[in-house]
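To start, the structure under review is shown below, and the notes come after it.
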Amino acid sequence: MDRLRQMEVFAAVADARSFARAAAALGMSRPAASRHVAALEAELGVQLLHRSARRVALTDVGTSFLADCLPILEAISEAQAAARGAHHRPTGCLRLTAPVLFGRRTLAPLLPAFLAAHPAITAELSLLDRVTALVDEGFDAALRVGPLPDSDLRAVRVGQLRRLVVAAPSLLAAAPGAPATPAALADHPLIVHSQARRWRFAGGAVAVVPRLLTNDVATTVQAAVAGVGLAQVLSYQAAAALAQGQLVAVLSAHEPPPLPVQLVFPGGRLPARTRAFLDLAVPRLRALDAAGWPPP
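Dropping the structure here:
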């Protein structure tokens, strides 16, 4: 079997996380795709993929080999495209991920324009409230809020989000009034997100005891508007309620540093589809940041 074809099939299976989907995309049968990968593994003397009835996943060796394969395949693809007069025409499936609510308001609206501009590209958007392993899970790029740990990933900053403590004016009008310091939160009813049992401020984190505990941002904001308690939210989450006077910000002098918003992608040579997406997304996301981000 042709070694280059084996590498192409392996990369397609790794990208699709499925022999069946990769075979369909390549116009071959599933058994043929399986034979190509098995022959490559036999030639290399290593296992590149974990196979089960439900999923296909890269082994550690497979992850490393894929990283080495992709620049080779991309270079060949661009050389072939140049010979056909279609140099730099992006193709393939662009796989993106982002936090559920923020991604729905920011990345999702960009996709129609991107797909219209690049008819040879397909796209997948996975909205997940967890940090994904980009390379291991086969994503081309992710929108992330917060500082990045040291890694081999690259990032482009597109904005920032503030962390605000907000409350309904009616709640602040009653005793004991607005808190003057973070420590004074102990005297107030609080609405706490289940993943944030400590609220961060410029002087450090403060443990909080919830009057209402929830894992849903929309519920947090609605309860704050209803006067149930004070809540700490990201600026865009409360933007509409703040603009309408349903909520006001307190403890502004103690506000922690803003959280960066970044588009993150694997290091090394980028596929043309990822470069094309960054070219479109970065300026548009920065414009959204300048406008205060779209509220939920």
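Throughout the sequence shown, residue numbering follows my numbering, covering -13 to 282 in sequence. We put the beta carbon where it would ideally sit given N, CA and C, even for glycine.
Measure the alpha-carbon distance for threonine 200 versus alanine 210 and round it to whole angstroms. 12 Å
Cutting at 8 Å between CB atoms, please list the residues of its own chain near leucine 266, excluding the five before and the five after it. Leu96, Ala99, Phe100 and Ala103
State the Cα-Cα distance for the pair alanine 202 and histidine 179, rounded to the nearest angstrom. Note that residue 202 is aspartate in the sequence shown here, rather than alanine. Aspartate 202 and histidine 179: Cα-Cα distance of roughly 7 Å.
Checking the sheet assignment: what are the DSSP bridge partners for cysteine 79? Thr108
For the pair the stretch 171 to 187 and the stretch 275 to 282, tell me if three or more CB-CB distances fall below 8 Å. no
Start and end residues, alpha helix (DSSP H) containing arginine -9: -11 to 2
If you measure between the beta carbons of isoleucine 107 and leucine 80, is that distance less than 8 Å? yes
Given a cut-off of 8 Å, decide if alanine 19 and alanine 9 are closer than it, judged by their beta-carbon atoms. yes
Just to check my reading of the structure: proline 242 and glutamine 146 have Cβ atoms closer than 8 Å, yes? What is that Cβ distance to the nearest angstrom? Actually they do not touch by this definition, with Cβ atoms about 12 Å apart.
Could you give the DSSP three-state label for histidine 73: helix, strand or coil? Confidence in histidine 73 is poor, its pLDDT being 48 and thus under 50, which makes the residue's placement unreliable; the coordinate value appears in the next sentence. It is coil, neither helix nor strand.
Tell me which residues share the same chain as arginine 272 and place their Cβ nearer than 8 Å to its Cβ, disregarding the 5 neighbours each side in the sequence. Val144 and Gly145
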